[in-house]
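Below is one structure; the comments refer to it alone.
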Amino acid sequence: MKESKDIINSSNIMLASVLTMLLLAALITLGMLTPLVVKLTTGNEISMGAEYFNDRSAIPTAALVVLLTTGLLYGYFGAKKALLVSGLTVLVSLVFAFISPFGNLPLDVTVPLTGMAVVATFYKMYMAMERGSWILKLKGISAHVIHLGILFILIGIVASSNMQVEGSDIVTMDYPGHFEGQNYIVSVTDMHSVFEGSPYRQYPGSSYATHISFDVYKKGAYFDSGQIKYITDFKWGQTFTTTYVDRGIFEELFIAPKALNESSGEVSLYVRTVPFITFIWGGLFLMVAGIISLVLVDRSLESNNSKAEIPLSEKRNNGSKVRKGAKK
């Protein structure tokens with residue numbers, strides 16, 4: 150029977166991570182292509198909601214995080230200790246899934262896994278600080294900043310998709326909209342309609358747009374004002390809307406009109422609150438910053454190496470000339 154150090158090594162961990170990523174990419178691609186294939190073969194239109202992707206990508210994503218954590222710890226702790234830490238992390242996730250401290254199964258499983266991965270990443274960044282020159286320190290830190298960005302994106306996706314709250318309500322200028330489970334109240338302040346675009350057939354414009362202005366109150370206090378549109382396009386025979394989005398540090402607020410009755414002044418508003426969305430944008434920023442820093446460091450190292458090789462070649466040439474002179 151092979152020992153753990155023979156099975157758990159950098160090559161096998163990398164291979165398992167790549168295979169898991171390929172499986173995850175295949176599942177996502179399959180979900181994206183399924184509606185297209187169904188429409189081409191049967192003529193029916195279907196849509197894949199977030200539940201489809203969440204249910205199928207949960208296990209591969211969790212496995213990928215565990216593999217990345219094991220790979221981060223392997224270089225310093227060895228095979229047995231890295232495997233032990235990863236196993237304990239999985240055990241804690243199973244316990245969290247059973248006791249459900251967050252009341253949400255995906256979050257209960259994700260928090261221990263990503264938490265340990267973040268700790269391992271910071272530990273690797275700390276160890277990178279012990280390298281000799283500052284440029285080698287920066288190179289090590291930059292690589293792990295990219296890892297940290299990936300983890301933040303995973304945390305943001307899981308948290309935002311499983312903790313978002315959405316709802317609809319009929320709103321008028323006399324009756325503000327209240328949305329269950331959300332801290333926001335939307336009050337319509339103005340609603341008027343105009344024709345837009347160039348004349349089309351019997352219409353003075355190619356589209357008919359209803360402008361809806363509103364105030365947003367958060368926990369009873371004024372928060373912001375905005376405007377959205379409900380547009381009917383005569384030329385293309387379609388109806389579409391514009392939306393209001395406020396991206397805060399801790400959550401994102403999304404407002405869009407679903408339907409309206411211009412004669413009665415009623416508009417059906419859809420409101421969605423998405424927490425922890427900042428983790429996604431922060432993760433993307435960290436990834437870009439880490440990649441740029443890593444590229445600059447690599448170029449600097451290549452430049453230093455090329456400069457060091459030139460004097461060495463000159464010394465060799467000078468030495469050969471001296472030897473030739475000595476023979477004379």
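For the sequence shown, the numbering used here begins at 150 and goes up steadily by one.
Note that CB positions come from ideal geometry on N, CA and C, so glycine has one too.
Residues of its chain near residue i, where Cβ-Cβ distance is below 8 Å and the 5 sequence neighbours each way are ignored
i      : result
Ile398 : Thr427
His327 : Asp318, Ile334
Leu173 : Ser206, Pro209, Thr210, Leu213
Gln313 : Arg421, Thr422, Val423, Pro424
Met150 : At Met150 the pLDDT is 44, less than 50, meaning the model places this residue with poor confidence; the figure from the coordinates comes in the next sentence. Hits under 8 Å: none found.
Lys477 : For Lys477, the pLDDT reaches just 43, beneath the cut-off of 50, and the residue's location in the model is therefore unreliable, although a value from the coordinates is still provided. Within the same chain, Lys477 has no close Cβ partners at all.
Thr388 : Tyr379, Ile380, Thr381, Asp382
Beta-carbon proximity of residue i to residue j, cut-off 7 Å
i      : j      : result
Thr270 : His293 : yes
Leu287 : Val444 : no
Tyr357 : Thr381 : yes
Gly180 : Phe301 : no
Ser355 : Tyr349 : yes
Pro184 : Ile177 : no
Ser291 : Gly439 : yes
Pro250 : Val307 : no
Residue i: first and last residue of the uninterrupted alpha helix (DSSP H) it sits in
i      : result
Ile304 : 283-312
Thr391 : Taken as a continuous stretch (DSSP letters only), Thr391 belongs to no alpha helix (DSSP H), as it is neither H nor E.
Ser249 : Careful: Ser249 lies outside any alpha helix (DSSP H) and carries neither H nor E.
Gly180 : 159-191
Cα-Cα separation, residue i to residue j
i      : j      : result
Leu450 : Val215 : 32 Å
Gly264 : Leu243 : 14 Å
Ile361 : Leu433 : 33 Å
Ser160 : Lys230 : 17 Å
Met322 : Leu402 : 21 Å
Lys273 : Leu221 : 7 Å
Val365 : Asn332 : 10 Å
Lys188 : Leu409 : 30 Å
Val267 : Thr191 : 46 Å
Phe226 : Ala277 : 15 Å
Ile492 : Glu411 : It is not possible to answer for residue 492, since the shown part of the chain is limited to 150 through 477.
Arg396 : Leu182 : 30 Å
Ala246 : Met436 : 30 Å
Glu415 : Val320 : 6 Å
Tyr379 : Ile295 : 41 Å
Arg448 : Ile441 : 11 Å
Leu303 : Ile429 : 8 Å
Ala370 : Asn253 : 30 Å
Asp257 : Asp339 : 44 Å
Ser374 : Gly386 : 31 Å
Asn311 : Leu418 : 22 Å
Leu285 : Glu400 : 37 Å
Gly346 : Ala175 : 44 Å
Val239 : Pro325 : 47 Å
Neighbourhood of residue i by C-beta, 6 Å cutoff - its chain only, sequence neighbours within 5 removed
i      : result
Ile157 : Ala228, Leu232
Lys473 : Bear in mind that the predicted position of Lys473 carries a pLDDT of just 49, short of 50, making it unreliable; the figure below should be weighed with that in mind. Counting only Cβ-Cβ distances below 6 Å, and skipping sequence neighbours, we find nothing.
Val471 : Low per-residue confidence applies at Val471: pLDDT is 48, beneath 50, and the placement is therefore not dependable enough to give any value.
Leu297 : Thr270, Leu435
Thr390 : Tyr379, Ala405, Pro406
Ser309 : Val423, Phe425, Ile426
Gly330 : Val314
Residues near residue i in its chain [Cβ-Cβ closer than 7 Å; skip 5 each side]
i      : result
Tyr352 : Phe344, Phe383
Asn193 : Val187
Ala475 : Its pLDDT being 49, under 50, Ala475 is placed unreliably in this model, and the value from its coordinates should be taken loosely. Taken in chain order, the list of residues that qualify is empty.
Gly289 : Ala277, Arg280
Val241 : Pro261
Ser235 : Val215, Thr218, Thr219
Ala165 : Leu216
Span of the beta strand (DSSP E), counted from its first residue to its last, around residue i
i      : result
Thr381 : 370-382
Ser356 : 356-367
Thr338 : 333-345
Counterpart residues of residue i in DSSP-defined beta bridges
i      : result
Arg280 : Partner(s): none; Arg280 has no beta bridge.
Leu418 : Asp318, Pro406
Pro424 : Glu400
Gly326 : Val335
Tyr352 : Tyr349
Asp395 : Leu402
Closer than 7 Å to chain B by CB, residue i
i      : result
Gly369 : Note that chain B does not occur in the displayed structure, where there is just one protein chain.
Any non-hydrogen atom of the ligand SAH closer than 6 Å to residue i Cβ
i      : result
Met163 : In terms of ligand content, the structure shown is empty, and the ligand SAH therefore cannot be addressed.
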